[in-house]
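In this text, residue positions in the sequence shown follow UniProt numbering: the first is 1, and each later residue adds one. Okay, structure first, notes after.
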Amino acid sequence: MEPVLFSTPNNPIPENRTEGFFETHDGHRLRYAVFRSDAPVAKGTVVLLQGRNEYIEKYFETIRDLTASGLWVATFDLRAQGGSDRLLKNRHYGHVRRFIDYEHDLDTFLEKIVLPDTRLPFFILAHSTGALIAMSAAPYLSTRIERMVLTAPFIGLSGQAASEGTIRALAGVACSLGLGSFPLTRKLKEQPFRDNPLTSDQTRFERNAGVAAAHPELTLGPPTARWLHDSFLTIDRVTSPNHLFSITIPTVVIAPTRDEIVPYIAQERISRYFRAAQFVPINGARHEVLQERDVYRKAALAAFHAFVPGSDAEAVEEVEGFGT
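Below you can see the structure in the form of structure tokens.
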């Protein structure tokens with residue numbers, strides 16, 4: 001039998017787990033895993049939602065941190081990435097036909113895996129695109145999810161060769177011409193550590209690069225025009241005051257101040273209308289704060305543990321220093 005999850009020498013798979021595939025509403029198989037805590041009484045389950053071009057293996061370290069605190073973790077690879085079914089013949093294009101399909105997948109995951117097989121209460125920890133999915137779905141998740149923690153939510157785009165406005169326009173035109181399943185650029189450049197916008201931690205950067213090198217089938221290339229177009233439409237809807245007012249799940253937004261992927265100012269701006277949210281800047285951190293150096297990563301985890309009921313904060317007294 002083929003393995004579901006993959007281990008590399010410096011990134012072993014956490015123990016005490018269940019893994020497999022579940023089927024979506026439209027017949028695709030998505031890879032998932034549930035990791036159980038060894039604590040005699042579970043404090044709840046964290047539903048971990050990944051960013052674009054991420055996969056379960058990238059979060060093994062964070063999963064260990066969470067299960068060590070008495071929490072279970074349930075996570076899955078988003079459709080068309082990681083070990084989940086791809087939608088196009090070219091499996092390296094990051095594609096989605098409709099952004100709402102991500103929300104349907106989350107709903108199916110909650111119904112088929114989380115509700116029957118994990119422990120209450122339920123929390124969401126979501127990064128980047130996963131955070132956009134969580135924000136979009138939040139108004140109808142309030143009866144199932146107790147609290148959310150969002151890291152660097154994908155609510156804007158920077159650091160690209162073209163401006164966000166240009167990318168929006170090009171993606172819209174491509175979709176109107178029936179070219180939505182093609183990317184706007186043919187290949188994403190592999191960036192060395194010194195130029196990467198994701199993390200300032202070389203050890204974690206190289207660990208993640210090692211997983212990608214050992215299992216390139218998990219990785220993605222550029223997003224398609226349809227993925228970009230539908231993502232921007234979702235960003236516009238989710239960041240509107242009306243939508244933000246409709247979110248009642250208590251939320252923490254963790255914003256790295258040196259984020260070169262999602263503008264920090266856009267993350268700060270939503271806090272003005274997001275009445276259910278607390279805004280926590282992590283000064284000096286880059287986009288992938290959970291893959292960052294310990295000084296930034298520990299601050300983000302301290303914010304999570306201080307916010308999630310029953311979780312064991314490593315140092316609750318650090319709360320006042322989140323932004324340092």
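Just so you know, even glycine gets a beta-carbon here, dropped at the ideal spot from N, CA and C.
With distances taken from CA atoms, which of the options is nearest residue i?
i, options, result
"Arg52", "His104, Leu30, Asp77", "Asp77"
"Glu15", "Thr166, Phe35, Ser7, Phe109", "Phe35"
"Leu179", "Asp230, Thr224, Ser142, Ala161", "Thr224"
"Ile145", "Pro121, Ile155, Leu233", "Pro121"
"Thr143", "Ala126, Val149, Leu115, Ile155", "Leu115"
"Ser181", "Gly94, Ala134, Ile235", "Gly94"
"Thr199", "Val46, Glu57, Val295", "Val295"
"Glu164", "Leu48, Ile235, Ser7", "Ile235"
"Ala277", "Gln50, Ala213, Lys189, Arg147", "Arg147"
"Ser240", "Asp230, Ile249, Arg272", "Arg272"
"Met135", "Tyr102, Gly310, Val46", "Tyr102"
"Ser69", "Tyr140, Asp38, Ile113, Pro9", "Asp38"
"Arg275", "Gly284, Ile249, Glu260", "Ile249"
"Pro222", "His215, Asn90, Arg17", "Asn90"
"Glu19", "Val47, Ala74, Asn11, Val46", "Ala74"
"Arg119", "Lys112, Val149, Ala42", "Ala42"
"Glu57", "Gly82, Val47, Val46", "Gly82"
"Glu206", "Asn11, Pro3, Glu2", "Asn11"
"Lys113", "Lys189, Leu30, Val149", "Note on identity: in this sequence residue 113 is Ile, with Lys being the wrong assignment. Checked all of Lys189, Leu30, Val149; the closest Cα to Ile113 is Leu30."
"His127", "Gly310, Val47, Glu111, Arg17", "Val47"
Just the Cα atoms here: how many angstroms apart are residue i and residue j?
i, j, result
"Val289", "Tyr55", "16 Å"
"Leu228", "Ile13", "32 Å"
"Asp201", "Gly172", "36 Å"
"Lys298", "Phe304", "10 Å"
"Leu5", "Val211", "11 Å"
"Thr251", "Ser84", "28 Å"
"Arg204", "Glu292", "7 Å"
"Leu220", "Val308", "32 Å"
"His92", "Pro40", "42 Å"
"Lys187", "Phe232", "21 Å"
"His104", "His25", "7 Å"
"Tyr32", "Ile270", "31 Å"
"Gly27", "Leu106", "14 Å"
"Ala162", "Ile155", "17 Å"
"Phe22", "Gln191", "34 Å"
"Arg97", "Leu301", "34 Å"
"Trp72", "Leu244", "28 Å"
"Ile265", "Ser158", "11 Å"
"Val262", "Asn208", "20 Å"
"Phe99", "Leu125", "19 Å"
"Leu177", "Thr129", "26 Å"
"Ser7", "Asn242", "44 Å"
"Ile167", "Arg226", "12 Å"
"Asp117", "Glu217", "28 Å"
"Ile247", "Tyr140", "9 Å"
"Ala213", "Pro9", "13 Å"
"Glu260", "Gly310", "34 Å"
"Asp230", "Arg17", "34 Å"
"His215", "Glu2", "13 Å"
"Gln160", "Glu111", "37 Å"
"Thr151", "Gly284", "14 Å"
"Val149", "Lys189", "30 Å"
Check the C-beta distance from residue i over to residue j and give it rounded, since I have them as a contact under 8 Å.
i, j, result
"Pro255", "Ile282", "It should be noted that the sequence gives Ala, not Pro, for residue 255. Indeed, because the Cβ distance is near 7 Å, the residues count as touching under 8 Å."
"Leu184", "Ala174", "7 Å"
"Arg286", "Arg258", "5 Å"
"Val280", "Gln267", "At roughly 10 Å, the Cβ-Cβ gap does not stay under 8 Å, so Val280 and Gln267 are not in contact."
"Arg79", "Leu87", "7 Å"
"Ala131", "Pro153", "4 Å"
"Gly44", "Phe123", "6 Å"
"Ile133", "Leu49", "6 Å"
Please tell me whether, using a cut-off of 7 Å, the distance from the CB of residue i to the nearest non-hydrogen atom of the ligand ZN is below it.
i, result
"Arg269", "With respect to the ligand ZN, the structure shown offers nothing to examine, as it has no ligands at all."
Shorter than 8 Å from the beta carbon of residue i to some beta carbon of chain D?
i, result
"Ala209", "Any reference to chain D falls outside this structure, which holds one protein chain only."
Answer yes if the stretch 61-72 comes into contact with the stretch 190-203, meaning at least three C-beta pairs across the two stretches below 8 Å, and no otherwise.
no
- [ ] Would you mind listing the beta strand (DSSP E) stretches within the stretch 223-302 that are 3+ residues and don't spill past its ends, in chain order?
- [x] Here the runs fully enclosed are 251-256, 277-282.
Query raised in the report: What runs of the alpha helix (DSSP H), each 4 residues or longer, lie entirely inside the stretch 53-125?
Result: Counting only runs of 4 or more, we get 60-68, 100-109.
Secondary structure, alpha helix (DSSP H): runs of 4+ residues fully inside the stretch 124-155: Note on the stretch 124-155: whole alpha helix (DSSP H) runs with a minimum of 4 residues are 129-137, in chain order.
What are the uninterrupted segments assigned as alpha helix (DSSP H) that are 4 or more residues long and contained completely in the stretch 163-197, given in chain order? 164-176
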